[in-house]
Amino acid sequence: MEKKRKKDHPLFYTWHGMMYRCYKPYNSHYKYYGAQGITVDERWHDFWNFVYDIDNRMPNGHLLYSSDYQLDKDLKGGKIYSLENCVILSKKENQQLGYEKLQKRIVAFNDSQKIVFDSLGNVERQLNIKHGTLTSCLKRGNVHRKTGFRFKYIS
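Position 30, counted from 1, in the sequence shown is what numbering that gives the first Met the number 0 calls 29; the numbers after and before it change by one each time, with no gaps.
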């Protein structure tokens, strides 16, 4: 049986995008992937190994053929695209996970009190602080005069 040309295969652009994000500094998303130490398992540098693993070894790999699904390495917390580290998620699930990852928790503290907030917006609303003032306090470590709190990001 003759192999298709790579570019004609339905998984080509998934693989190509993954490789370019991780290894091509001119790719617009490289700063979020390759520049952050995200890599692709050596086995998957070969397109046909990637296809074989998706088709034969990846749980629910067949779903990746639908544009409603994506390959995700973050759910398991890894920095390597690999068979062991990746899962297939719906676009909606993947977007929700990305959104949750971007939400940084913030702690407001002084000598006697510590309050944890789930977002900048919650700090702003509950303590009645303007966005610019809060981000300035976070960057510089300054005490907010009206509340007496310092602020920092926590994970």
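In this text, a Cβ means the ideal position worked out from N, Cα and C, and glycines have one as well.
Expected contact under 8 angstroms - CB spacing of residue i and residue j to nearest Å
i	j	result
LEU74	TYR68	Contact doesn't hold; Cβ gap of about 13 angstroms is too wide.
MET18	LEU70	Incorrect: roughly 12 angstroms between the Cβ atoms, too far for contact.
ILE105	PHE116	5 angstroms
Residue from the options with nearest C-alpha to residue i
i	options	result
GLY33	THR132, LYS78, LEU88, GLN125	LYS78
ASN59	TYR80, ASP40, VAL86	VAL86
ASN84	CYS136, TYR12, LYS23, VAL39	VAL39
Same chain, Cβ closer than 8 angstroms to residue i, neighbours up to 5 away in sequence not counted
i	result
ARG20	ASN26, HIS28, TYR29, TYR31, TYR32, GLY33, ILE37
LEU96	ASP71, ASP73, LEU74, LEU88
GLN35	LYS78
Own chain residues within Cβ distance below 7 angstroms of residue i, not counting five before or after
i	result
LYS6	none
VAL50	HIS8, LEU10
LEU140	Sequence inspection shows Gly at residue 140; the Leu mentioned does not correspond to that position. The answer, listed in chain order, is ARG149.
Contact set for residue i: own chain, Cβ-Cβ below 6 angstroms, skip 5 residues either direction
i	result
TYR22	GLY33
LEU126	THR146
MET0	Summary for MET0: the model assigns pLDDT 47, below 50, so the residue's position carries little reliability, and this model does not support an answer.
VAL142	ARG149
Runs of beta strand (DSSP E) wholly within the region 83-134 (minimum 3 residues, chain order): 86-89, 104-108, 113-116
Inter-stretch contact at 8 angstroms, needing at least 3 Cβ pairs: the region 108-124 / the region 136-152: yes
Inside the region 4-83 only - alpha helix (DSSP H) runs reaching at least 4 residues: 11-22, 46-55
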